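**Q**
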Amino acid sequence: MKSTEEILELLKGKFGSDIIGLVSAPPEKMIDITPASLYNVAVFLRNNEELDFDNLMLLSGLDDANGSTLSVVYHIESVKEKHKLVLRVTVPKDNPITESVVKVWECANWHEREAFDLIGIKFNNHPNLIRILMPYDWNAGHPLRKDYKNPEFYQGMKVPY
Amino acid sequence: METKTSHLRSEEMILNMGPQHPSTHGVLRLEVELDGELIIDVRPHIGYLHRCFEKHCEAMTYPQIIPYVDRLDYLASMYNEFGYALAVERLAGIEVPPRVEYIRVIMGELQRIASHLVAVGTYGLDIGAFTPFLYCFIEREKILTLFEMTCGARLLYNYIWVGGVSHDLPPDFIRLTKEFIVTFKPIIAELNNLLSYNKIFIERTANVGILPLDTAINFGVTGPNLRASGLKWDLRRDDPYSIYDKFDFEIPVGEGWHGTVGDCWDRYYLRMLEMEQSIRIIEQAIEQIPDGDVTSAIPKRIKPAEGQIYSRVENPRGELGYYIVSKGGLQPHRLKVRPPSFVNLEVLGELCKGHLVADVIAILGSIDIVLGEVDR
Amino acid sequence: MIIFEYLADLFGAIPAAFISGILPIAFVVPYALFAVYWERKVSAHMQDRLGPMRTGWHGYLQTIADILKLIQKEDIVATAVDKPLFNLAPILVFAGSYAAFAAIPFSSAYIGANVDLGMLYIIAVSGLVVAGILMAGWASNNKYSLIGAVRSAAQIVSYEIPTVIVILTLFSIVGTLNLYELSEIQSSNIFNWMIFGGNVIGWKKIVLIPLMFAAFIIIYLTTLAEVNRTPFDIPEAESELVAGYHTEYSGMKFAMFFLAEYANMFAVSAIVATLFLGGYHSPFGYLGNLLGISWLVPVEQFFWFTFKGLGFVTVQMWLRWTLPRLRVDQLMTVCWKYLIPLSFVIFLLVSLLMVL
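Protein chains in written order, with the working numbering: chain A, 1 to 161; chain B, 162 to 537; chain C, 538 to 893.
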């Protein structure tokens, strides 16, 4: 069992400047990391014997509503050690690309597709990054962005009713 | 004689199972790649029931969201409300009176029994046994009647509110629940004799769709499906919430009773065992329930400070999580649900490989999904 | 027999053959109406329900209302189906199951065609049903139908083997395939029924009884499989294949399949009853003989025949609403690994016994 601060120290020792820092969002605490380092951090968290984060509870895309960034929040836990951790990756809105963690936690597959579908974050190295909840041919953008506008028509059908 | 076969074209057949199909438990479309009757791949396509739950939530105040939460997993609405109320209470720092906690646990566990009854009954239906399904529904009706007398609704309750519950229990509730428990206990044994120990049923489900533990964890499978793979992991124990630490109950795990650990029979039978444990919890809760007020802690206006929470509960189908981000307004900035069915469904393709068409139905039924929750 | 001869005296042989050939339909249609109602009631009462209760007293008119509804329904034919085959299939299926009734003796006074190879004829014409089902599955141009039809063909063809072997076993005892004669052999005493060894006497009969019981169970299972009833209903497994080979059918064509299924259920039950349970013979002797009214005997025989047939049909329903469904490979396992070797063993033992 390790606290977020201890894990932060471990990560800082290993990845240095890629670990941006601790963000407080009461009652939770998040560790901010850079998108480029995400995959390696995930592999480290999963394979390190003391940490052993084997379960990705939730991966959520987030529109930060500041007009310039989107973020992805990872809630992970260890079934054996019973500790939890929250990671956050922030990407610019005009080029929202981050790394996929499907190879680390298989269940990220659909979560990442959902984040892509609803928020519009692209995940590098994802095996099948297509829409999941919205129709495959939905071309009016990503609905969970704060600036999303419904299209007038979808395949000839009127959308606002 | 020379035979020419090179001109014969041979390819796999793509069978579209659903969205309208008797056994996909809703509007799920499975793209099944077949070689004869042998399955090469199963690709689920979801989203037919998508109704923008998360987008709606961003435009509503915290209490307004509760009726929407009901519609996620419509077979376990009480537990969805329970989880949501708990998440908002944790975020906003609201304490609830002890009687409310007991009512929530009783309702939650009754809902778990009702939900498992549907799971077990429809599973029998998937395998081809029609009668157990109706036996299960008779019992479920009794639970729904208890809910109806409490809050007036049979499926979508809007009963558990942030900070309390909407009404106190009606005067007869405790007596009727005790009566229900007395009549329900023999039913489990009857269902077991009728379906669980049926030789054909065991043949159909044992050693089918084996989910090894490491795959299960890797795919994020939770709930009875994970426990059937042999891990004693129940959030009521391992991440305690509400007052579950006050009760004495066991967490059954899959033991490969008739085949391998983590096969369909284990997943099915685990739900039977969990119903027994739920009854134990209800019995204890009914004995201990204190008097008191149930609506006093309900806040007039919920306006949590800036922050976020990921709060999870053990829904009948697995880990139901709510991730709420607050920017200090009356509405959540972002509300994301971790629906257990959504995550559990992902493993389907992995489980089905190399089985027969009939096994897809057996495996899908044993995962026990609710499409209202998968698609949100 | 008597009915045919009586009619032949009146009208001549050919019209008499026609009339006597139509008679089973006067039985099959009301029976099917009743059986559908009966199945609903049996299943309902097994499941703590009441079943149909609104049309007529306790819903007696429900099936008639259903048939009226089916007649009114639009006959939907999808554009991509193979039309001639699609239209022919239900007729063929019904014809196959109806033709089987020709060689079944309903009472000592009535058998459609008293052919010497009666049993063989029944097995042969039931083959038409397979052709019809395959036709329906192929012509529907639907993947579910196709899978259902292929399964059905494999299943019916496989399960015919143990059926035929059991019939051979009986043949080796009584030396006839004529069902009328077989029924007459089983007359006068319940212990003359084939399940108790038929007209064999002495120690051989005692040895035969367990073998005959086993043979009876085998043929009951195989006939159950041949009419595609649960637990062998994989060709139309509704939870997997929607409705199997008749997914695409609607209206009266669907009703034909439905009628054929129920007609088939009775046909196989009647065959099992004829082969093993004395056919139309009463287990207790006849009221007609007691009172000296000779025309009452065939009527009583007809009653006993329907009683036995419907009894087996009810058991089929009972099984359907209790048991889950087998998987296709398990179904084949049951047939090829257990039923066929077992029936061969029984055949061998019985033949040895009869040679001794």
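In this text, a Cβ means the ideal position worked out from N, Cα and C, and glycines have one as well. Note that this is a predicted model, so its numbers are computed, not measured.
Starting from the C-beta of Leu654 (chain C), find all residues in its chain whose C-beta is less than 8 Å away, skip the five residues before and the five after it, and write them out in chain order.
**A** Within the third sequence, numbered from 1, the residue matching residue 654 (chain C) stands at position 117. Around Leu654 (chain C): Leu714, Asn715.
**Q** What residues in its chain sit with their C-beta under 7 Å from that of Glu300 (chain B), if we drop five residues either side in the sequence?
**A** Sequence index remark: in the second sequence, residue 300 (chain B) carries index 139 (1-based). Listed in chain order, the non-local C-beta contacts of Glu300 (chain B) below 7 Å within the same chain comprise Leu278, Phe345, Ile348, local neighbours out to five positions each way being set aside.
**Q** Please go through the same chain and pick out, in chain order, the residues whose beta-carbon is closer than 8 Å to the beta-carbon of Ile660 (chain C), but skip the five residues on each side of it.
**A** Here residue 660 (chain C) is taken as the residue at index 123 of the third sequence, counted from 1. Closer than 8 Å at the Cβ level, and outside the excluded window around Ile660 (chain C), lie Glu697, Thr700, Val701, Ile704.
**Q** When you compare the CB of Asn55 (chain A) with every CB in chain B, is at least one pair closer than 7 Å?
**A** Locating residue 55 (chain A) in the first sequence gives position 55, where the first residue counts as 1. Yes, Asn55 (chain A) lies at the interface with chain B (some Cβ there is under 7 Å from its Cβ).
**Q** Beta-carbon within less than 7 Å of Leu532 (chain B)'s beta-carbon, same chain only, minus the 5 sequence neighbours each way: which residues are those?
**A** The residue labelled residue 532 (chain B) in the question sits at position 371 within the second sequence. The residues are His186, Gly187, Val188, Leu189, Leu210.
**Q** Should the segment 728-737 of chain C be called in touch with the segment 664-681 of chain C, which here means at least 3 C-beta pairs below 8 Å?
**A** no
**Q** Pull up the DSSP beta-bridge partners for Gly325 (chain B), would you.
**A** By 1-based counting over the second sequence, the position of residue 325 (chain B) is 164. Partner(s): B:Trp322.
**Q** Please list, in chain order, the residues of the segment 856-873 of chain C that have any C-beta partner in chain B closer than 7 Å.
**A** Answer set for the segment 856-873 of chain C: Trp858, Thr859, Leu860, Pro861, Arg862, Leu863, Arg864, Val865, Asp866, Gln867.
**Q** Whole angstroms is fine: what's the gap from Leu38 (chain A)'s alpha carbon to Ala25 (chain A)'s?
**A** For this step, residue 38 (chain A) is matched to residue 38 along the first sequence. For this step, residue 25 (chain A) is matched to residue 25 along the first sequence. Those two C-alpha atoms are separated by around 20 Å.
**Q** Can you give me the start and stop residues for the beta strand (DSSP E) that Ser60 (chain A) sits inside?
**A** The sequence position of residue 60 (chain A) within the first sequence is 60, counting from 1. Run containing Ser60 (chain A): 55-63, per the beta strand (DSSP E) assignment.
**Q** With a Cβ-Cβ cutoff of 7 Å, do Pro768 (chain C) and Leu863 (chain C) count as a contact?
**A** Counted from its first residue, the third sequence places residue 768 (chain C) at position 231. Counted from its first residue, the third sequence places residue 863 (chain C) at position 326. Yes, the pair counts as a contact, with Cβ atoms nearer than the cut-off.
**Q** Distance check for Phe750 (chain C) and Gly815 (chain C), CA to CA, integer angstroms please.
**A** For this step, residue 815 (chain C) is matched to residue 278 along the third sequence. For this step, residue 750 (chain C) is matched to residue 213 along the third sequence. The alpha-carbon atoms of Gly815 (chain C) and Phe750 (chain C) are separated by roughly 14 Å.
**Q** Just to make sure I have the definition right: I need the residues of chain B whose C-beta is within less than 8 Å of the C-beta of Ala65 (chain A). Which are they?
**A** Reading the first sequence from its first residue, position 65 is the one you call residue 65 (chain A). Neighbours of Ala65 (chain A) on chain B, chain order: Lys488, His494.
**Q** Going along the segment 12-42 of chain A in order, which residues come within less than 9 Å of chain B, judged by CB to CB distance?
**A** Ser24, Ala25, Pro26, Pro27, Glu28, Met30
**Q** On a CA-only basis, which of A:Gly120, A:Ile119, A:Ile7, A:Asp32 is nearest Glu49 (chain A)? Give me that one, please.
**A** Within the first sequence, the letter at position 49 stands for residue 49 (chain A). Answer by Cα proximity: A:Ile7.
**Q** If we count the other Cβ atoms within 10 Å of its Cβ and call it buried at 16 or more, is Ile808 (chain C) buried or exposed?
**A** Position 271 of the third sequence, counting from 1, holds the residue named residue 808 (chain C). Ile808 (chain C) should be labelled buried.
**Q** Between the beta-carbon of Met656 (chain C) and the beta-carbon of Trp858 (chain C), is there less than 7 Å?
**A** For the purposes of this step, residue 656 (chain C) is identified with residue 119 of the third sequence, where counting begins at 1. For the purposes of this step, residue 858 (chain C) is identified with residue 321 of the third sequence, where counting begins at 1. No, these two residues do not count as a Cβ contact at 7 Å.
**Q** If you run the structure through DSSP and keep just helix, strand and coil, what is His75 (chain A)?
**A** As a working note, residue 75 (chain A) is residue 75 in the first sequence. Here His75 (chain A) sits in strand by DSSP.
**Q** Please report the distance separating the alpha-carbon of Thr577 (chain B) from that of Arg577 (chain C).
**A** Here chain B comprises residues numbered 162 to 537, so residue 577 (chain B) is not present and cannot be evaluated.
**Q** Taking the beta carbon of Ile383 (chain B) as the centre, do at least 16 other beta carbons fall within 10 Å, making it buried, or is it exposed?
**A** Counting from 1 along the second sequence, the entry for residue 383 (chain B) is found at position 222. Just to set this straight, residue 383 (chain B) is Thr in the shown sequence, not Ile. Thr383 (chain B) comes out buried.
**Q** Rounded to whole angstroms, how far is the Cβ of Leu506 (chain B) from the Cβ of Leu372 (chain B), which I believe are closer than 8 Å?
**A** Along the second sequence, read from residue 1 onward, the residue named residue 506 (chain B) stands at position 345. Along the second sequence, read from residue 1 onward, the residue named residue 372 (chain B) stands at position 211. The pair is not a contact, with the Cβ atoms about 13 Å apart (cut-off 8 Å).
**Q** At the 7 Å Cβ level, is Val518 (chain B) part of the contact set with chain C, yes or no?
**A** Here residue 518 (chain B) refers to the residue found at position 357 of the second sequence. Output row for Val518 (chain B): interface = yes.
**Q** Give, in chain order, every residue of the segment 318-350 of chain B whose Cβ lies closer than 7 Å to some Cβ of chain C.
**A** none
**Q** Run down chain E in chain order and give the residues with a C-beta less than 8 Å from the C-beta of Thr292 (chain B).
**A** Of the protein chains in the structure, A, B and C, none is chain E.
**Q** Using C-beta distances below 8 Å, list every residue in its chain close to Ile604 (chain C), excluding the 5 sequence neighbours before and after it, in chain order.
**A** Along the third sequence, read from residue 1 onward, the residue named residue 604 (chain C) stands at position 67. Once the five neighbours on either side are set aside, the close Cβ partners of Ile604 (chain C) are Leu570, Ala792.
**Q** List, in chain order, every chain B residue whose beta-carbon is nearer than 8 Å to that of Ser100 (chain A).
**A** Reading the first sequence from its first residue, position 100 is the one you call residue 100 (chain A). Per Cβ cutoff of 8 Å: no residues; Ser100 (chain A) is ~15 Å from chain B at best.
**Q** Considering only the beta carbon of each residue, do Gly324 (chain B) and Ile255 (chain B) sit closer than 7 Å?
**A** Here residue 324 (chain B) corresponds to residue number 163 of the second sequence, with the count starting at 1. Here residue 255 (chain B) corresponds to residue number 94 of the second sequence, with the count starting at 1. Against a cut-off of 7 Å, the Cβ pair of Ile255 (chain B) and Gly324 (chain B) comes out as a contact.
**Q** Starting from the beta carbon of Thr767 (chain C), find every residue of chain B whose beta carbon is closer than 9 Å, and list them in chain order.
**A** Residue 767 (chain C) sits at position 230 when you count from the first residue of the third sequence. The answer, in chain order, is Gly289, Ala290, Phe291.
**Q** So Tyr471 (chain B) is in the beta strand (DSSP E); what residue range does that whole segment cover?
**A** The count along the second sequence starts at 1 and reaches residue 471 (chain B) at position 310. 468-476 is the extent of the beta strand (DSSP E) around Tyr471 (chain B).
**Q** Restricting to runs no shorter than 3 residues, where is the beta strand (DSSP E) found entirely within the segment 639-687 of chain C?
**A** 642-644
**Q** Anything in the segment 458-491 of chain B with a Cβ closer than 8 Å to a Cβ of chain A? List those residues in chain order, please.
**A** Ala466, Glu467, Gly468, Gln469, Ile470, Tyr471, Arg473, Glu480, Gly482, Tyr484, Val486, Lys488
**Q** Can you tell which of B:Ile522, B:Arg495, B:Asp529, B:Ser502 has the C-alpha that lies nearest to the C-alpha of Cys213 (chain B)?
**A** As a working mapping, residue 213 (chain B) is identified with position 52 in the second sequence. Closest by alpha carbon: B:Arg495.
**Q** Between Ile540 (chain C) and the rest of its own chain, which residues show a CB-CB distance below 8 Å, the 5 nearest in sequence each way excluded?
**A** Taking the first residue of the third sequence as 1, we reach residue 540 (chain C) at position 3. Closer than 8 Å at the Cβ level, and outside the excluded window around Ile540 (chain C), lie Ser557, Leu560, Ala646, Tyr647.
**Q** Quick one: which residues of the segment 720-754 of chain C get their C-beta closer than 7 Å to a C-beta of chain B? List them in chain order.
**A** none
**Q** Just to confirm, are Gly244 (chain B) and Val455 (chain B) a CB contact at a threshold of 7 Å?
**A** Counting from one through the second sequence, the residue named residue 244 (chain B) turns up at place 83. Counting from one through the second sequence, the residue named residue 455 (chain B) turns up at place 294. The answer is no: Cβ separation not under 7 Å.
**Q** Taking 8 Å as the limit between beta carbons, can you name the residues of its chain near Pro331 (chain B), skipping five residues before and five after?
**A** Translated into the one-based positions of the second sequence, residue 331 (chain B) becomes position 170. Closer than 8 Å at Cβ, skipping near neighbours: Met310, Thr311.
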